[in-house]
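Visitor: Taking full-length UniProt numbering, the leading residue of the sequence shown gets 1, the next gets one more, and so forth. Questions regarding the structure given below will be posed in turn.
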Amino acid sequence: MKGKGGEESSLSLYMDKLNSRGALLLFSSSGVTTPSDKGKKTRGSQGGSKKQVFEAYMTTEDVSHGLKRGELIQGSIRINPKKYHEAFIAAPDGKRDIFLDGTAARNRALNGDVVVVQVLPQEQWKVSSVEEDSASAKIHCTQLVVRVQVVKSDSEGVSEPETQSGRSQTPGKKTKRPPSPDVIVEAETEVVYIVEQKHSRAATGFLKFLPDKPFAMFSPVDHRVPRVNVPLPDCPHDFCSRPGDYANILFIVRITSWPDDSNFAEGRLAKTLGQAGEIEPETEGILIEYDVDFSEFSVEVLGCLPQKLPWTIPPEEFGNRRDLRKECIFTIDPATARDLDDALSCKPLPDGNFELGVHIADVSYFVEEGNALDFIASRRATSVYMVQKVIPMLPRLLCEELCSLNPLTDRLTFSVIWKITPEGKILSEWFGRSVIRSCVKLSYDHAQSMIEAPDKLFQADELPPCAAEHPVDEIHQAVLNLHSIAKRLRAQRFQGGALRLDQLKLSFTLDRETSMPQGCYVYQYRDSNKLVEEFMLLANMATAHQIYRSFPNKALLRRHPPPQTKMVDDLQEFCDQMGLNIDFSTAGTLHKSLNETLGDDEYTSARKEVLTHMCSRPMQVSVSPIAGISFLCPSIALWEEVQKQASHCNDKKTASKRVQELSSELFFSVFVKESGPLDSEAMVMGILDQAFDVLVLRYGVQKRIYCKGLHGLETFHFHKVGKRGELTLVWAAEEPGKPSVRQVRPRDRAK
């Protein structure tokens, strides 16, 4: 930010201004007030009216001036899902977070909202505890491997109080919440204005009947959302007479207002979902909470697509495109995929090089600027992938038929074609519109079997139907050539400083009729996946360079923001304390450290998984425009509209990722509930004073284990050794007459 006269204005300079001018904000027993508030009566001072809970928002004019002077800070608010009284926004310098302590400081903002905050004078900051999922949030540990039993917990996700550092606790006994053991000094702030309500204001939860009240109390499952007063007329007709019948029923409530004199918001009941814990009600709740449009496409939208089916390419279109229909082009996708949006080709050239192509379905041909289809695609922005279904960005007729690169069918595409050496050196490239005819639909399993058996003569019945003009051995050789070049390109990327943080991904086998989970497993990321990924990256990078060359002043490109400095520094300090030689100086050195310096014992891979999770936390979200905007942005006239749409796509992509995670968590929870306790080894990721976080190695999921809920645990004790924490667990003897078992050191195995 720039202050008056163009001088650089930062948080530290702002604090200097505050200290030199005197406090702009004053603490009072009832909260934070501005000098102009001195002498102002609260609403509770007259006639028994309510006391003001939240400060009034600043005016737009005051906010604008404050931001220009560097006295206010704008950012997205992040509320800790496990300790909802803690919230954060990123400081302008990106080196640390700014802390908001308590719901009053958030001033009715919800998670994700873009807010403006005012920083209190530095002498009014206080030492605070932090337990957010960040590198500084907890004391990490990657040495302890424990045997855990995954069970369904009704209290999972509920905030747990923390105990005083250095005090022993007995499971089951309640304690007050003093500060967490990991204490740091944070700048204290309060929200003074909400710029944009990014949160949907919808929540799933439960209704509670309140006698003699004209409303019911709605308690959200997500504790970051306030409780909501819902008018009784909104509730089911027999709710008042039979409230017990609805104790386990999920509802959706939308917040309509939040008065500044109440801890509770006001809202309306939007929908009765069904029984809590069941897949369909829970799934619908997730989609509504994250504002995912899962409605059927309207007649008007479908009317924008060709009505005469089966559709064929108009003859005149061939004159505008490069005809690649005779080339050996094929798709590689998951076996169940129906929207085949990219294809590959690799043809040997007489000089020993290759003509290698990436071909992307041309969606823009079917989407006209300003029509109903354009509007709905812009609003949805991305497809949302859940365990049991996909919420498409575009109608299925378009993405599964008209644009899907189905085998033996003429389809419109955008192509980038390189002349490339066997070592992966690009000699030339071509971009343009094209027409292709895929010769076969390969799955990742098909491609993997070809890679693993390079000398095998595959028979026609081992693969899906292939075009007669392209025999199986030609396709096999093309896959092998692609694999060979992909390996070299991948090695070059990592030698050039690239970083990949692979995290375990849980997949499920579902019952075909009920869609209930029958089993779960960690998805295997194999060479066939890497092959496709490598050439999609190559096409992305080549397209970005081409766009930049064509539009050097203003280009819409994918951006990877740098990691948060404070979180990286904290993680480096932790690794040093643990004796782990991890180099965080560059992306390349980090990649090398994670793959070469973690030992060679039986827990090396587990240690790498835990550290990969930790390293992912400081990384900020990047969004690729390739799936949506990049095809359609030429139709957007104004650059401001492009920026607005890009921001919208970022939000939708972030929400889509979270919905995908919640869907996986839901199915895993249902699977555990139906299958009973599941045994697996787990590695400790972080230690708190009453709990510890683990990565369950068999399933790739993170779980928080509360000491008070551990069967057979007599007592536990937390203390610090320097900056490193230790949690001592004392287990009851397995046999009468034998002593209790103390587990202290991180390398000990739990009993």
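Just so it is clear, CB atoms sit at the ideal spot from N, CA and C, and this is done for glycine as well. All of these numbers come straight from a predicted model, not from anything done at the bench.
1) Looking at serine 507 and cysteine 520, is the spacing between their C-beta atoms short of 8 Å?
2) Alpha carbon to alpha carbon, how far is alanine 265 from asparagine 229? Give it in angstroms, no decimals.
3) Which residues in the same chain as phenylalanine 330 place their Cβ atom closer than 7 Å to its Cβ, once the five residues preceding and following it in sequence are excluded?
4) Are the CB atoms of valine 416 and valine 367 nearer to each other than 8 Å?
5) Could you check whether asparagine 263 and valine 115 sit closer than 8 Å to each other, using their CB atoms as the reference points?
6) List, from N- to C-terminal side, the beta strand (DSSP E) runs of 3 residues or more that fit wholly inside the region 48 to 113.
7) What does the alpha-carbon distance come out to for the pair asparagine 80 and arginine 704?
8) Could you check if arginine 607 is buried or exposed, using at least 16 other CB atoms within 10 Å of its CB as the buried criterion?
9) Assign glutamate 289 to buried or exposed, taking buried as 16 or more other Cβ atoms, counted over all protein chains shown, within 10 Å of its Cβ.
10) Relative to the alpha-carbon of alanine 372, which residue among Glu316, Ser434, Leu397, Gly303 has its alpha-carbon at the smallest distance?
11) Buried or exposed: asparagine 248, going by 16 or more other Cβ atoms within 10 Å of its Cβ?
12) Tell me the rounded alpha-carbon separation between phenylalanine 99 and arginine 78.
13) Determine the DSSP secondary structure at phenylalanine 27, reduced to helix, strand or coil.
14) Looking only at C-alpha atoms, which of Lys657, Gly588, Ile252, Asp62 sits nearest to glutamine 495?
15) What is the DSSP secondary structure of asparagine 595, reduced to helix, strand or coil?
16) Counting pairs of Cβ atoms below 8 Å between the region 549 to 568 and the region 499 to 517, do you hit three or more?
17) Closer than 8 Å is the cut-off here; do at least three beta carbon pairs connect the region 713 to 724 with the region 694 to 703?
18) I need the DSSP call for isoleucine 139, collapsed to helix, strand or coil.
19) Isoleucine 451 by DSSP, collapsed to three states: which one?
20) Does the contact criterion of 3 or more C-beta pairs under 8 Å hold for the region 345 to 354 versus the region 378 to 389?
21) Using a threshold of 8 Å, state whether the C-beta atoms of phenylalanine 294 and phenylalanine 251 are closer than that.
22) For the beta strand (DSSP E) that contains serine 434, what are its first and last residues?
23) I'd like to know if the region 319 to 333 and the region 406 to 423 are in contact, where contact means that at least 3 CB-CB pairs between them fall below 8 Å.
24) For arginine 108, which residues from the same chain have a beta carbon less than 7 Å from its beta carbon, with the 5 sequence-adjacent residues on both sides left out?
25) Please state whether the Cβ-Cβ distance between methionine 685 and glutamine 702 is less than 8 Å.
26) Beta carbon of valine 532, beta carbon of isoleucine 332: below 8 Å?
27) So, helix, strand or coil for proline 220, using DSSP?
28) Going by the DSSP bridge assignment, what does valine 252 pair with across the sheet?
29) Can you give, in chain order, each stretch of the alpha helix (DSSP H) that sits fully within the region 511 to 556 and has at least 4 residues?
30) What's the C-alpha gap between leucine 402 and tryptophan 311?
31) Assuming leucine 110 contacts histidine 199 under a Cβ cut-off of 8 Å, what Cβ separation, rounded to an integer in Å, is found between them?
32) Does the beta-carbon of tryptophan 418 have 16 or more other beta-carbons within 10 angstroms, so that it is buried, or is it exposed?
33) Could you tell me whether the Cβ atoms of tyrosine 444 and proline 314 are closer together than 8 Å?
34) With a 10 Å radius around its C-beta and 16 neighbouring C-beta atoms as the bar for buried, classify proline 517 as buried or exposed.
35) Just to confirm my understanding: we take glutamine 46, look at its own chain, exclude 5 residues before and 5 after, and list those with CB closer than 7 Å. What are they?
36) To the nearest angstrom, report how far apart glycine 709 and methionine 536 are at their CA atoms.
Guide: Taking the definition as stated:
1) yes
2) Going by C-alpha positions, asparagine 229 is about 6 Å away from alanine 265.
3) Ala343, Leu344, Ser438, Cys439, Val440, Leu442, Ile475
4) no
5) Valine 115 is not a Cβ neighbour of asparagine 263, given a cutoff of 8 Å.
6) 72 to 76, 86 to 90, 97 to 101
7) The C-alpha of asparagine 80 lies about 14 Å from the C-alpha of arginine 704.
8) buried
9) Around the CB of glutamate 289, 16 or more other CB atoms lie within 10 Å, so the residue is classed as buried.
10) Gly303
11) Residue burial annotation: asparagine 248 is exposed, with fewer than 16 other C-beta atoms found within 10 angstroms of its C-beta.
12) 10 Å
13) The predicted position of phenylalanine 27 is uncertain, since its pLDDT is 28 and thus under 50; no value can be drawn from it.
14) Gly588
15) helix
16) Result no; under three Cβ-Cβ pairs closer than 8 Å.
17) Not touching, per the Cβ criterion.
18) Unreliable positioning characterises isoleucine 139 in this predicted model, as indicated by a pLDDT of 43, which lies under 50. The coordinate reading is nonetheless provided below. Here isoleucine 139 sits in strand by DSSP.
19) helix
20) A contact between stretches requires three or more CB pairs, one per stretch, nearer than 8 Å, and the region 345 to 354 fails this requirement with the region 378 to 389.
21) no
22) 426 to 437
23) yes
24) Phe54, Trp258
25) Using a Cβ distance threshold of 8 Å, methionine 685 and glutamine 702 count as a contacting pair.
26) yes
27) In the structure shown, the three-state DSSP call for proline 220 is strand.
28) With the sequence shown as reference, residue 252 is identified as isoleucine, and valine is not the correct amino acid for it. The partner list for isoleucine 252 (beta bridge, DSSP) reads Thr204, Lys271.
29) 527 to 550
30) 7 Å
31) Indeed they touch by this definition, with Cβ atoms about 4 Å apart.
32) Here tryptophan 418 is buried: its Cβ has 16 or more other Cβ atoms, across all protein chains shown, within 10 Å.
33) no
34) So proline 517 counts as buried.
35) A caution first: glutamine 46 carries a pLDDT of 42, below 50, which makes its placement in the model too unreliable to give a value.
36) 47 Å
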